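Shown next, in structure tokens, is the structure this report addresses.
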Amino acid sequence: MAIEAITLCPVCNETLRIKKLQCPRCHTTIENDFAFSKLAALSSEQLQFVEVFLTCRGNIKEVEKELSISYPTVRGKLNEIVRILGHEPKKKNEVDAKNVVTMLENGEISAEDAIKLLKDK
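In full-length UniProt numbering, the protein residues as written are 1 to 121.
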């Protein structure tokens, strides 16, 4: 049984590198200096959230139902993951009114959430 790889050094907290890959069937071995993907920096809980988010095709309302969490919690988790992946999430005042209407029409947010987002602009 394979053990999940750790991505940070337990001594100094530096990002680890992969040095060797091996086929479990034929034992072919490849050695080099490989990097983890950005997704490897996510915790198991964060990866589970990403999986649910993708399964729900990005529909926040569906994610809320699936995980039994609120809209602000979904947004918070998304922002946290976006930061870990090396990007800066949009600030509330950068919300486009047209996008809010589209999210409302698609059932991704409630009318109450839309009002909050527009008020925060």
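Just so it is clear, CB atoms sit at the ideal spot from N, CA and C, and this is done for glycine as well. Quantities reported herein were computed from a predicted structural model and do not represent experimental measurements.
Span of the alpha helix (DSSP H) around residue i
| i | result |
| --- | --- |
| residue 38 | Taken as a continuous stretch (DSSP letters only), residue 38 belongs to no alpha helix (DSSP H), as it is neither H nor E. |
| residue 117 | 111-119 |
Residue i classed as buried or exposed, judged by whether at least 16 other C-beta atoms fall within 10 angstroms
| i | result |
| --- | --- |
| residue 34 | exposed |
| residue 1 | exposed |
| residue 105 | exposed |
Same chain only: Cβ atoms within 6 Å of residue i, ignoring 5 sequence neighbours per side
| i | result |
| --- | --- |
| residue 81 | 46 |
Residue span of the beta strand (DSSP E) that contains residue i, given as start and end
| i | result |
| --- | --- |
| residue 21 | 18-22 |
Expected contact under 8 Å - CB spacing of residue i and residue j to nearest Å
| i | j | result |
| --- | --- | --- |
| residue 28 | residue 15 | Not confirmed; about 26 Å, so no contact. |
| residue 30 | residue 109 | About 47 Å separates the two Cβ atoms, so there is no contact after all. |
| residue 174 | residue 52 | The chain is shown from 1 up to 121; residue 174 falls before or after that span and cannot be answered. |
| residue 97 | residue 118 | 6 Å |
Cα-Cα separation between residue i and residue j, rounded to whole angstroms
| i | j | result |
| --- | --- | --- |
| residue 72 | residue 39 | 23 Å |
| residue 83 | residue 89 | 7 Å |
| residue 62 | residue 24 | 39 Å |
| residue 50 | residue 57 | 10 Å |
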